[in-house]
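To start, the structure itself, in structure tokens.
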Amino acid sequence: MARSAIRKAAYRSVFGPLWGQANRAWPLAQEREDLGWVTIPTVDIASGHSQQITLHKPYSSDGDQAIRIASPFNDSESFVIEYRQQTPKYQGNIDAHLPDSGAIIYRVNDAVNNTHDGKSNVSLDGQVHDYIHVFRQDSETATSGLVPSTAVLSPDRVTDYGSANLANTTNAIVGAQGRNTGIVVKVVSETADSITLEISQADTASVSVWTPVGAGAQSAVNASGSLAASSSSIARSSATGGSGRFNTNVETSTGDAWTGAASPFSGDFGDVQLAYLGDALYATAPNYGTGSLEIKKFEGGTWSNVSTLSGLGNTPVYFGSSNGTLYVAGATGNGSQAKVYSSTGGNFTQVGGTVSGQYLSNFALANVNGTVQLAVSDIFGGDHKVYTLQGSSWNASTTDSGAVKTMSLISVGSSSYELLLDASGTLQLRQLSSTGQVQSTADLTGVPAKPSLASLAISADKAFIVTESNGTLAVYSASLSDLNTWTQLGENVTTSGTNPEIEVVGSTVYVLYKDTAAQTINVYQHDVA
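Residue numbers for the sequence shown follow the numbering used here, so the first one is 2 and each next one is one higher.
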């Protein structure tokens, strides 16, 4: 066997997910399968049914030492149940530090794709991954591996683990997104060399879950992703690296797997933003070396330069399309002046004059039947304004006092819809006229009142809001004809997400987020209905 493979197996086991750094343990069955030593058989347990399984000591001729149960919700996850036998406590004996013989349960997250180190929980550069998670009673954190007694099921210790109540996540066998799978494991009996378990699967037939679009893309700790959609496909960006200087990656999908679209930028660049103009994919990123914003187009399998906008590479910008035109809006220099640029497929040219303030940020833009609206907050000035372009001048149509920031601005027919957070953290959705005046404000009862982040998407007849509250992402929908009645779309998207973005393509809603546990950029989907 290759020396590097043996080194990785030892690294994961001595410092691995089970017993902690001080206590040596025989590699988990999953680790041994990754190394080609064993094959774990899969046992199918139908929704609403149960089955008795007997597991035996490692390498016993009497039967399997471990089995795999598929996740009812996520094709990239599974759950392994294996029997571990405590060995005599003499020096160097593997598994001598087990508190008892018994069964352990752990989640295997195949969505983790650490190309630098292979599949592992901790890479050689110290980055934490969520590849293998060992379940422990009353503790779901990685450091609970230092208390291994709570991980072992036996007649004299923990006799069962899991919950058939799908709303419960305490002491439940949950997926990486925090969703209870409804799998329950109970100890029936134990011999000196085996354990018999009853494994049941709760009825999940009626559960409306969000499903992943392919595997997650590995991400740097301080990098964000971007999501864009055309009428037929979606695209996401991700980045690896550090210190705000990233190696970027862009992929496209029609709803199943991801296809690489190469890297549009290399070198001293920041986070990438994506946008479609028709079916053409564009990307932009700040060039920290020059202080400019670079824009590229993906065509013929390669990225080509479109425009370089000087002075816009130091602060976050808006990048998106509206009514057949692609727009960029951002602040120059010290943030006291904002500019807007547009393109219908060629070079970007400035639209109107400059907008002045003290420190301008949080831009959003919409084209409402030919009238361009620009929403911008002045952080130091303490106000939020919606401007409309009149000739070559930007005229303020609506002004709000306080630290209000726009999350989204989308045109629909002769009006636009603006989603924003006010100074108290209250979420607002309001309809604006083509000239930027507030026409109505929606009643968002049913939507989390004070999320940390939110984003808006609109289909032909519905509005969708994704919210982030303490890592939990959820989507709520309402008819455009009744924006005062909101219902949650499916279950929660995840309980470990941040920086959500949302798009709707036809009858499918897509949510991109950064998984804070696995450090991946994930996209999940759900039918509109």
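No residue lacks a Cβ here, since even glycine has one placed at the ideal position from N, Cα and C.
For clarity, every value in this text was computed on a predicted model and none was experimentally measured.
Reduced DSSP category for residue i - H, G, I as helix; E, B as strand; rest coil
i      : result
ASP35  : helix
THR1   : The structure shown does not extend to residue 1, since the chain is modelled only from 2 to 530, so the question has no answer here.
ALA376 : strand
ALA216 : coil
ALA30  : helix
GLY152 : Residue 152 is actually Ala in this sequence, not Gly. Three-state result, ALA152: helix.
SER305 : strand
HIS50  : coil
ASP76  : coil
GLN87  : coil
TYR360 : coil
SER434 : strand
TRP395 : strand
ASN335 : coil
SER344 : strand
TYR60  : coil
SER178 : According to the sequence as given, residue 178 is Gln; it is not Ser. Three-state DSSP puts GLN178 in coil, outside helix and strand.
LYS451 : coil
ASN315 : coil
GLN138 : coil
VAL109 : strand
ASP401 : strand
GLY425 : Here the sequence assigns Ser to residue 425, which means Gly is not the residue at that position. Residue state, collapsed to three classes: coil.
SER264 : coil
SER323 : strand
ILE459 : strand
ARG69  : strand
Same chain, Cβ closer than 6 Å to residue i, neighbours up to 5 away in sequence not counted
i      : result
TYR84  : LEU56, GLN66, ALA104 and ILE196
TYR289 : ASP269
THR473 : ASN493 and THR496
GLY49  : ASP204
TYR525 : TRP211, PRO213, VAL494 and VAL512
LEU454 : GLU469
SER357 : GLN338
GLN86  : LYS58 and SER102
GLN52  : ILE46 and ILE200
SER5   : Caution is warranted here: a pLDDT of 39 is assigned to SER5, below 50, making its placement in the model unreliable, and the coordinate value is therefore given only provisionally. Answer for SER5: no residue qualifies.
LYS187 : ASP161 and GLU199
ALA332 : THR316, ALA339 and LEU361
Beta-carbon proximity list for residue i, same chain, < 7 Å, skipping 5 on both sides
i      : result
LEU327 : ALA276, LEU278, TYR283, SER343 and SER344
LYS515 : SER220, SER225, GLY226, GLY498, THR499, ASN500 and ILE522
PHE320 : GLN274, ALA276, THR285 and VAL329
SER323 : LEU366, ALA367, ASN368 and SER412
SER417 : ALA367, VAL369, GLN374, LEU410, ILE411 and LEU433
GLY532 : With the chain covering only 2 through 530, there is no way to say anything about residue 532.
Outcome for residue i when other beta-carbon atoms lying within 10 angstroms are tallied against a minimum of 16
i      : result
SER311 : exposed
GLY347 : exposed
VAL352 : buried
PRO89  : exposed
ILE182 : Note that residue 182 corresponds to Thr in the displayed sequence, not to Ile. Answer is buried; the Cβ neighbour count reaches 16.
ASP280 : exposed
THR350 : exposed
SER252 : The sequence as given places Glu at residue 252; Ser does not occur at that position. The residue is buried, with at least 16 neighbouring Cβ atoms inside 10 Å.
VAL222 : exposed
ASP157 : exposed
TRP304 : buried
THR260 : exposed
THR144 : Residue confidence is low: THR144 scores 38 on pLDDT, short of 50, so the model does not pin down where it sits. Its coordinate-derived value is still stated next. Counting Cβ neighbours within 10 Å, THR144 comes out exposed, since fewer than 16 surround it.
GLU32  : buried
LYS340 : buried
HIS117 : Low local confidence applies: a pLDDT of 44 at HIS117 is under 50, so the model's placement there is unreliable, and no value is given.
LYS451 : exposed
ALA367 : buried
VAL109 : buried
PRO42  : exposed
GLN391 : exposed
ASN75  : buried
GLY217 : buried
Own chain partners of residue i with C-beta closer than 8 Å, once the 5 adjacent residues on each side are dropped
i      : result
GLY491 : SER209, VAL210, TRP211, VAL476 and HIS527
If we count Cβ pairs, one from each stretch, closer than 8 Å, do we get three or more for the segment 230 to 244 versus the segment 197 to 213? No: fewer than three Cβ pairs fall under 8 Å.
Evaluate contact between the segment 478 to 486 and the segment 498 to 508, counting only Cβ atoms and requiring at least three cross-stretch pairs below 8 Å. Taking 8 Å as the limit for Cβ pairs, the verdict is that the segment 498 to 508 does not touch the segment 478 to 486.
Whole beta strand (DSSP E) elements within the segment 463 to 529, 3-residue minimum: If we require 3 residues or more, the beta strand (DSSP E) runs fully inside the segment 463 to 529 come out as 463 to 470, 473 to 480, 483 to 489, 498 to 506, 509 to 516 and 521 to 528.
Note down, one range per segment and in chain order, each alpha helix (DSSP H) of at least 4 residues found wholly within the segment 182 to 248. Complete alpha helix (DSSP H) runs here, min 4: none at all.
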